[in-house]
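Colleague:
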Amino acid sequence: MEATKTPGAAEQTEMEYAGFWTRTGAWFMDLILLAVSAWGLIIVAYFIGLWAWRGQTLGQMAAHVKVVRQDGKPMDLGTAVLRFIGYVVCILTLGIGFLMIAFDERKRGLHDRLAGTYVIPFPQG
Numbered sequence: 066m067e068a069t070k071t072p073g074a075a076e077q078t079e080m081e082y083a084g085f086w087t088r089t090g091a092w093f094m095d096l097i098l099l100a101v102s103a104w105g106l107i108i109v110a111y112f113i114g115l116w117a118w119r120g121q122t123l124g125q126m127a128a129h130v131k132v133v134r135q136d137g138k139p140m141d142l143g144t145a146v147l148r149f150i151g152y153v154v155c156i157l158t159l160g161i162g163f164l165m166i167a168f169d170e171r172k173r174g175l176h177d178r179l180a181g182t183y184v185i186p187f188p189q190g
């Protein structure tokens with residue numbers, strides 16, 4: 066009796082299979098990438114969200130300071146986004162943008178200048 070081949074059937078070949086440690090390593094790499102991405106989104110949402118909503122992060126609330134626009138009005142979402150972009154620029158310039166606060170008459174960093182903001186004392190109560 067002759068073996069018949071079914072049309073369209075794939076030929077079976079010997080495959081090499083990925084082992085436990087290779088697959089576990091790949092899974093951990095994916096997990097790390099997702100965790101870093103998630104934390105990045107949380108950080109962006111934290112700063113932009115709280116600045117746009119209250120003009121303060123939790124740390125700024127504890128320090129009794131508030132971020133306002135140059136005209137003294139509360140920040141809006143666009144201003145908060147610009148300020149966060151300024152934060153990123155300050156970090157990428159190894160903190161030079163933050164260091165400007167120490168030498169500026171109005172205590173403004175690069176991020177404040179970019180967004181047109183000031184940080185002012187704000188009594189809680």
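Here my numbering runs 65 ahead of the position in the sequence shown, where the first position is 1. Just so you know, even glycine gets a beta-carbon here, dropped at the ideal spot from N, CA and C. Note that the structure is predicted; figures quoted are calculated from it, not measured.
Answer yes if the region 126–141 comes into contact with the region 180–187, meaning at least three C-beta pairs across the two stretches below 8 Å, and no otherwise.
Modeller: Result yes; three or more Cβ-Cβ pairs closer than 8 Å.
Colleague: Just how far apart, CA to CA, sit Y157 and I150?
Modeller: Position check: residue 157 holds Leu in this sequence, whereas Tyr was assumed. Their backbone Cα atoms lie some 11 Å apart in a straight line.
Colleague: Among the residues of its own chain, which have a CB less than 7 Å from the CB of V146, if the five just before and after it don't count?
Modeller: I113, listed in sequence order.
Colleague: Among M80, W118 and T122, which has the Cα closest to the Cα of I108?
Modeller: Looking at the Cα atoms, T122 is the closest of the given residues.
Colleague: Taking the C-alpha atoms as reference points, what is the distance between L106 and L98?
Modeller: Roughly 12 Å between the two C-alpha positions.
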